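Trainee: Here you go, one structure.
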Amino acid sequence: MNTIILASHGELSQGLKQTAEMILGPTDNIYALSAYRDEDEPIEKQMQRFIKKMGTKNLFILTDILGGSVNNEMLTLLKENPEIHLITGMNLPLVVSIATQVGEINASDLQTIITESQNSLIDCSRLLQTTGKGGDDL
1 MNTIILASHG
11 ELSQGLKQTA
21 EMILGPTDNI
31 YALSAYRDED
41 EPIEKQMQRF
51 IKKMGTKNLF
61 ILTDILGGSV
71 NNEMLTLLKE
81 NPEIHLITGM
91 NLPLVVSIAT
101 QVGEINASDL
111 QTIITESQNS
121 LIDCSRLLQT
131 TGKGGDDL
């Protein structure tokens, strides 16, 4: 089974996990970590504790934004754990796609999942203008 850790500033990761579980039902392979909340310990300590407990096999860490402090903290983990998959710019299609894969995800399949997730970003206003359709006609 693939394990997913959603890591974000604030409560974005918790919201994304809750939304994914609305689609998938309860999961035991998606975890949410928050950074920079007064009641939480530093996210790097949260991750180190998680890795010590769960290991790194088939581990996907999804972060909110490239160059952000959360992603930068997770990048330091890759030096010691190069088998971890770190993907930034997380979105719901990415989470659902990884969570529903059975077995190990190879590099080619992962790239397909990432590309499909990126392709889910659509300017609907422009789409309606270019297609000349609206509402349920799409």
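In the working numbering, the protein residues as written are 1 to 138. Backbone N, C-alpha and C fix where the C-beta goes; we use that ideal spot for every residue, glycine too. Just so we're clear, the structure is a prediction, and the values are computed from it rather than from any experiment.
Going by beta carbon distance, what residues of the same chain come within less than 6 Å of Met1, once the five residues before and after it are set aside?
Mentor: Excluding residues within five positions, the ones whose Cβ falls inside 6 Å are Asn29.
Trainee: Would you kindly work out how many angstroms separate the C-alpha atoms of Ser117 and Met47, rounded to a whole number?
Mentor: Taking the straight line joining both Cα atoms gives about 25 Å.
Trainee: What first and last residue would you give for the alpha helix (DSSP H) that runs through Ser120?
Mentor: Where Ser120 is concerned, there is no enclosing alpha helix (DSSP H), given that its DSSP letter is neither H nor E.
Trainee: State yes or no: is the C-beta of Leu33 within less than 8 Å of the C-beta of Leu59?
Mentor: No, these two residues do not count as a Cβ contact at 8 Å.
Trainee: What distance in whole Å lies between the Cβ atoms of Ala99 and Thr27, which are believed to be in contact at a cut-off of 8 Å?
Mentor: Between Ala99 and Thr27 the Cβ distance is about 6 Å, and since that is below 8 Å, they are a contact.
Trainee: I want to check one thing, is the minimum distance from the CB of Val96 to the heavy atoms of the ligand COA below 7 Å?
Mentor: In the structure shown, the ligand COA is absent, as is every other ligand, since no ligand is present at all.
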